[in-house]
Amino acid sequence: MKKIQMVDLKGQYEQIKEQVDSSVLDVIQSTAFINGPEVHNFQKELEEYLNIKHVIPCANGTDALQIAMMGLGLKPGDEVITADFTFAATVEVIALLQLTPVLVDVEPDSFNIDPKAIRKAITPKTKAIVPVHLFGQAANMDEIMEIANEHKLFVIEDNAQGIGADYKSQDGKTLKTGTIGHIASTSFFPSKNLGCYGDGGAIFTNNDELAHTIRGIVNHGMYKRYHHDVVGVNSRLDSIQAAVLRAKLPNLDQYNNARRAAARKYNKAFEGISNIITPQIKGNGCATNHDTICDTCNCHVFHQYTLKVIDVDRDALAQHLNEKGIPCGVYYPIPLHSQKAYLDERYNEADFTVTNQLVKEVISLPMHTELDNEQIDFITKTIIDFVS
Ligand SMILES: *Cc1c(COP(=O)(O)O)cnc(C)c1O
Numbered sequence: 001m002k003k004i005q006m007v008d009l010k011g012q013y014e015q016i017k018e019q020v021d022s023s024v025l026d027v028i029q030s031t032a033f034i035n036g037p038e039v040h041n042f043q044k045e046l047e048e049y050l051n052i053k054h055v056i057p058c059a060n061g062t063d064a065l066q067i068a069m070m071g072l073g074l075k076p077g078d079e080v081i082t083a084d085f086t087f088a089a090t091v092e093v094i095a096l097l098q099l100t101p102v103l104v105d106v107e108p109d110s111f112n113i114d115p116k117a118i119r120k121a122i123t124p125k126t127k128a129i130v131p132v133h134l135f136g137q138a139a140n141m142d143e144i145m146e147i148a149n150e151h152k153l154f155v156i157e158d159n160a161q162g163i164g165a166d167y168k169s170q171d172g173k174t175l176k177t178g179t180i181g182h183i184a185s186t187s188f189f190p191s192k193n194l195g196c197y198g199d200g201g202a203i204f205t206n207n208d209e210l211a212h213t214i215r216g217i218v219n220h221g222m223y224k225r226y227h228h229d230v231v232g233v234n235s236r237l238d239s240i241q242a243a244v245l246r247a248k249l250p251n252l253d254q255y256n257n258a259r260r261a262a263a264r265k266y267n268k269a270f271e272g273i274s275n276i277i278t279p280q281i282k283g284n285g286c287a288t289n290h291d292t293i294c295d296t297c298n299c300h301v302f303h304q305y306t307l308k309v310i311d312v313d314r315d316a317l318a319q320h321l322n323e324k325g326i327p328c329g330v331y332y333p334i335p336l337h338s339q340k341a342y343l344d345e346r347y348n349e350a351d352f353t354v355t356n357q358l359v360k361e362v363i364s365l366p367m368h369t370e371l372d373n374e375q376i377d378f379i380t381k382t383i384i385d386f387v388s
């Protein structure tokens, strides 16, 4: 059996080596390292893939979030509601901009921000909601947009884990995640579903004016050379990374299908194991019965395949897997509202019962495009033996 990895970047590279090598070499020979044609072409191709008017590439997914918030003109003291159960980058940029993060609980099945909790957290100072499409599944965007419209709030989608996922609205429309709110951010960190070979990120929006503002912000606040109209940052996707992304973008759907195929095999193996809960697909507005992962539906792109283990010592399981050569991850082990940097005396533990429970029960298994049957059999048998 091949050595099991959490993410197999090497195996994926082997499949596209020729194209990646030649286009990276072309960039080096052209010396158009910054803002070269590769970046522009990638931007256009991603706009087309997502069916969105504007993609603005930048240096990483954390910058993308920060720049999105700067572009919306949020002011110190404005409250921004986001999920308690996510990667810290989401809340970090809110705090960095001296906005006030307001963390709220998530849904126990999808792990995504709970619209009921959003409603409860709204105050006259609330200006924006940041749903995170966690682990590759869209948050409940119908309800989130409804709340936002009612209260005149911006919606900034953190799509770092969801690129390529579809969201089916109750009105029957299917949109890509990251194209539903007012603005969205994504990350091309190597392990993300569309990853480059270094750091990279992008901002998406359908709003022309906002796109214009943001193109200036990423470039030192310049709209005309050496005229600095607003305080900006320096955040660029470089041409070598864009060349890698151009080679991978045409394969994104196939990559996400490979992830779904692996998820389906995991699900099958865990069927009937009472103390293991496999990922729940909400498929909001989707005609398919989501007891199974269907072939055609992109409702979940499995950035992570995350189990909940009930009445099992999760940390002992993780250690056992590591001893057997099976990498695994706990995303995330500590709720953000309990992190030293983000403590806030307004928080009440009773408002975080789901996150407080999830951090004890979740475990993410190896998930990438190169997992084979032998590896999945070994992983699932090892887990079932341990929990049974
Ligand atoms: C990865 C990630 C980010 C940050 O992306 P970087 O490119 O690493 O800065 C932000 N939010 C979420 C949910 C992520 O998973």
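In case it helps, this note's numbering puts the sequence shown at residues 1 to 388. Built from N, CA and C at the ideal position, the CB exists for glycine as well. Owing to the predicted nature of the structure, the values given are computational and were not obtained by experimental measurement.
Asked                                                                                                                        : Found
Distance, tyrosine 347 Cα to arginine 246 Cα                                                                                 : 44 angstroms
Other residues of its chain near alanine 242: CB distance less than 6 angstroms, five sequence neighbours each side excluded : Glu38, Val39 and Phe42
Where the alpha helix (DSSP H) containing valine 55 begins and where it ends                                                 : Segment 54–58 is the beta strand (DSSP E) holding valine 55; no alpha helix (DSSP H) there.
Contact test: threonine 62 Cβ vs ligand 2 heavy atom, cutoff 8 angstroms                                                     : Ligand 2 is absent from the structure shown, which contains only ligand 1.
Methionine 1, buried or exposed, once every other Cβ within 10 Å from all chains shown has been counted against 16           : exposed
Per DSSP, cross-strand counterpart(s) of glutamate 79                                                                        : Thr100 and Thr126
Any non-hydrogen atom of ligand 1 closer than 8 angstroms to alanine 192 Cβ                                                  : A small correction: the amino acid at residue 192 is lysine; alanine does not occupy that position in the sequence shown. Because some heavy atom of ligand 1 lies under 8 angstroms away, the Cβ of lysine 192 counts as near it: yes.
For isoleucine 384, the three-state DSSP class (helix, strand or coil)                                                       : helix
Segment limits, beta strand (DSSP E) that includes alanine 184                                                               : 183–187
Rounded C-alpha distance that separates glycine 162 from glutamine 304                                                       : 10 angstroms
Rounded C-alpha distance that separates valine 330 from serine 338                                                           : 16 angstroms
Buried versus exposed call for glycine 71 [16 or more other C-beta atoms within 10 Å across all chains shown]                : buried
Strand pairing of glutamate 157, partner residues [DSSP]                                                                     : Ala184
Straight-line Cα distance separating histidine 227 from threonine 306                                                        : 48 angstroms
Contained beta strand (DSSP E) runs [length at least 3] in the stretch 295–356, N- to C-terminal order                       : 305–309
Bridge-paired residues (DSSP) for leucine 175                                                                                : Tyr167
Nearest residue (CA-CA) to phenylalanine 189, options His182, Gly201, Gly181 and Ile183                                      : Gly201
Option in Gln66, Ile379 and His368 with minimal Cα separation from leucine 252                                               : His368
Beta-carbon proximity of alanine 165 to asparagine 267, cut-off 9 angstroms                                                  : no
Exposure of proline 333, with buried meaning 16 or more beta-carbon neighbours within 10 Å                                   : exposed
Spatial distance of isoleucine 16 from lysine 248 (CA atoms)                                                                 : 8 angstroms
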